[in-house]
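Heads up: the sequence shown begins at 190 in the working numbering, then just goes up one per residue. Every residue gets a Cβ at the ideal spot worked out from N, C-alpha and C, and that includes glycine.
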Amino acid sequence: MKARLFFLSLGMLGAAALCGATLEQAKAVFNKGDYAKALPMMQEQYKKAPKNGSVNHWLGVCLYETGEARQSLKYFEYAATRKVAEAHRYLALIAYDNYDFETAQEHLDDYADALSRAKKSTDAVEPLRNSIACAQTMLDHVEKIVIIDSTSVDKADILMAINMSASCGTLGYANALPEEIARSGATFVHTMELGSKVVWSQPGEGSTSEIWESTRLIQGWDNPVRLDNNFGLGGNVAYPFLLQDGVTLYFASDGESSMGGYDIFMTRKDIETGEYYKPQNVGMPYNSPYDDFLLAIDEEKNVGWWVTDRNHIPGKLTIYTFIPNPSRINYSADDPSVASRARVTSYRDTWGDSDYSQMAQEIKEPSTNALYSVTEFAFNVCNGVVYHTFDDFKTPSAAKMMEELIVMQRHYKSNRERLASLRHKYANASKPDKLSLKSSILQLETSLEKTRSDIFDTENAIRKIELN
């Protein structure tokens, strides 16, 4: 009991010492960036000098940097009236975080003017100015989607919370890479169905994250290839995810085209050249002023997931589950709720008159591994000889190619159904929507033709191996 009283006394003395700190001591802790420790010290200084503009600003910074942006606002507003230039930057950040981009721009202009009057460089203004402009453009094109569910998980557990079908492959980390191309530094790995292809992110030169890919051939894994010098986006690229077509790639980048931190981008590979097209930012609601990491779509279930830290829950990330659209449909830029939709203030607001509670529950249930349960098929080898199981094959390489053939056939069937849906949608779409639908239809038709040709070639290759 005496020991407890002793340590309690020490704790009270420590708190008293913090509260009794001088302004110089408080500033020393503040300048080290230890805002949590500096917060009570600055609160004490504010009590002593509530009209001091710098003290108001320092207290505002401590609150903002410890997750109390709303409480920090009044201190920054007062500091701005006392000609504290940095207060304008924080006011711009708060408005930006709240999707009030016009107000953010006004505060940023005030910040630039204050720096100019003080004959200081305004170079630091431009990155935020670019982010605000990017965000304002996105707010005019917010996609209308149904968000089924939202859950918060530890960052280490995000892959366990994404319950994909077997046809989408698997998500993992460095140990998920095949032994032939294992990279100890790999930070995120997506392996396609039956291990036919793998994409991953890993540190590159200068610690910049890069995305690599490799395809499994008959003789083994192809040489890993880095994807197009980070697509010319600058910064880091990470969290790659390939759709079942093998050409549509989602990934995250924190380069110049991002509105803040990591944004999610999408690109497609040119089937003829093997090069990827210029990536497009997928916009809102997927992206935000915070870090948005991963977007994965399960075409078999018609469900998608995206991972973000926009809700700033300590030690947690938020995973939203949504229903992907066959083609993009945006809210009207004049819709008064568009900022709320972009922020995802309430995901249930996207339900309308429907109830997706049952669907949300079903998605969380473990998937049956449909692909790996395939044990029977009908493959005509020649002259009425038909194989029905993998055990019928005489050569391991032909059996492995049969696995790949099943994958191709599934993708072909899935894309044919998707093409039929797009054509139906095109017939009933408005003229502006038909333009984007036409592009998607033509691209899917090209992909289907390529898959059909690959199926034909693979079937003949299997027969040749078995007959020889």
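| So what does DSSP say about G423, is it helix, strand or coil? | Looking at G423 - three-state DSSP - the assignment turns out to be coil, as it is neither helix nor strand.
| Going straight from the alpha carbon of L383 to that of C323, what length do you get? | When the Cα atoms are used, L383 and C323 turn out to be separated by approximately 39 Å.
| task | Can you give me the start and stop residues for the alpha helix (DSSP H) that M455 sits inside? | result | Counting along the chain, M455 falls outside any alpha helix (DSSP H), though it belongs to the beta strand (DSSP E) covering 452-457.
| said: According to DSSP, is A531 part of a helix, a strand, or is it coil? | reply: Reduced to three states, the DSSP call for A531 is helix.
| task | Determine the DSSP secondary structure at Y279, reduced to helix, strand or coil. | result | Here DSSP, grouped into helix, strand and coil, assigns Y279 to helix.
| task | Report all residues from its chain with a CB closer than 6 Å to the CB of N245; omit the five preceding and five following residues, and keep chain order. | result | Excluding sequence neighbours, N245 sits near Y264, Y267, A268.
| request: Tell me whether S521 is buried or exposed, calling it buried when 16 or more other Cβ atoms sit within 10 Å of its Cβ. | output: An exposed status is given to S521, since fewer than 16 other beta-carbon atoms sit within 10 Å of its beta-carbon.
| query | Where do the N-terminal and C-terminal ends of the beta strand (DSSP E) with E402 fall, by residue? | reply | First-last of the beta strand (DSSP E) with E402: 398-406.
| Three-state class that DSSP yields for G444 in the structure shown | If DSSP states are grouped into helix, strand and coil, G444 belongs with coil.
| field | C-alpha gap between P503 and F482, whole angstroms | value | For P503 and F482, the distance between alpha carbons rounds to 17 Å.
| request: Measure from the alpha carbon of F645 to the alpha carbon of each residue in N604, Y615, M591, S603, then state which is nearest. | output: The shortest Cα separation from F645 among N604, Y615, M591, S603 belongs to M591.
| Distance CB(V533)-CB(Y509) smaller than 8 Å | For V533 and Y509, yes; Cβs fall inside 8 Å.
| Nearest-angstrom beta carbon gap, G472 and G444 [assumed within contact, 8 Å] | Going by Cβ atoms, the distance from G444 to G472 rounds to 16 Å, so no, they are not a contact pair.
| field | Beta-bridge partners of P392, as assigned by DSSP | value | Per DSSP, S398.
| field | Range of the contiguous alpha helix (DSSP H) that encloses H613 | value | Where H613 is concerned, the enclosing alpha helix (DSSP H) stretches over 585-616.
| request: Taking only the alpha-carbon atoms, compute the straight-line gap between S442 and M455 and give it to the nearest angstrom. | output: S442 and M455: Cα-Cα distance of roughly 10 Å.
| Does the stretch 536-555 come within contact of the stretch 632-640, defined as at least 3 CB pairs closer than 8 Å? | Because the criterion of three Cβ pairs below 8 Å is not met, the stretch 536-555 and the stretch 632-640 do not touch.
| field | C-alpha gap between D343 and G222, whole angstroms | value | Cα-Cα distance, rounded: 25 Å.
| Name the DSSP bridge partner or partners of F377? | According to DSSP, which records beta bridges pairwise, F377 is partnered with S390.
| query | From I651 to D417, what distance separates their C-alpha atoms? | reply | Approximately 33 Å between the Cα atoms of the pair.
| query | Between L328 and V527, which are expected to be in contact by the criterion C-beta below 8 Å, what is the C-beta distance as a whole number of angstroms? | reply | About 6 Å; that satisfies the 8 Å criterion.
| query | If you count every other CB in all the chains shown that lies within 10 Å of the CB of K191, and 16 or more means buried, which is it? | reply | Its pLDDT being 41, under 50, K191 is placed unreliably by the model, and nothing is read from it.
| message | Going by the DSSP bridge assignment, what does F511 pair with across the sheet? | response | For F511, the pairing in a beta bridge is given by DSSP as I336, G493.
| Smallest Cα separation from S543: which of S243, A307, K308, V335? | Nearest C-alpha to S543: V335.
| task | Measure the C-alpha to C-alpha separation of R415 and E369 and round it to an integer number of angstroms. | result | If you draw a straight line from the Cα of R415 to the Cα of E369, it comes to about 16 Å.
| request: Would you decide whether A225 is buried or exposed? Buried here means 16 or more other CB atoms lie within 10 Å of its CB. | output: Looking at its Cβ environment, which holds fewer than 16 other Cβ atoms inside 10 Å, A225 is exposed.
| message | If distances are taken between C-alpha atoms only, which option among A616, F582, R612, N604 comes closest to L656? | response | Residue F582 holds the alpha-carbon nearest to the alpha-carbon of L656 among A616, F582, R612, N604.
| task | Could you have a look at R271 and say whether DSSP puts it in helix, strand or coil? | result | It is coil, neither helix nor strand.
| Is R599 closer than 8 Å to T354 when the C-beta atoms are compared? | Strictly speaking, residue 354 in this sequence is Ser, with Thr absent from that position. In this structure, S354 keeps its C-beta atom at 8 Å or more from the C-beta atom of R599.
| task | Taking 8 Å as the threshold, find out whether the stretch 356-365 comes into contact with the stretch 396-415 through three or more Cβ pairs. | result | Contact fails: fewer than three Cβ-Cβ distances are below 8 Å.
| message | So, under 8 Å CB-CB, V281 and A303 are touching, yes? Tell me the CB distance rounded to an integer number of Å. | response | Looking at the sequence provided, one finds Ala at residue 281 rather than Val. So it is not a contact: roughly 12 Å between Cβ atoms.
| said: For G361, report the span of its beta strand (DSSP E) as first-last. | reply: From DSSP, the beta strand (DSSP E) with G361 extends over 359-361.
| field | Cutoff 6 Å; reference P413; Cβ partners in own chain excluding five residues on either side | value | Residues of the same chain with a CB within less than 6 Å of the CB of P413, apart from the 5 flanking positions on each side, are I370, W401, S403 in chain order.
| field | Contact under 8 Å by Cβ, N425 with D452 | value | Not closer than 8 Å, so no.
| query | Within this structure, are the beta carbons of P474 and G449 separated by less than 8 Å? | reply | No. Outside cutoff.
| query | Start and end of the alpha helix (DSSP H) containing A313? | reply | It is not in any alpha helix (DSSP H) - A313 carries neither H nor E in the DSSP assignment.
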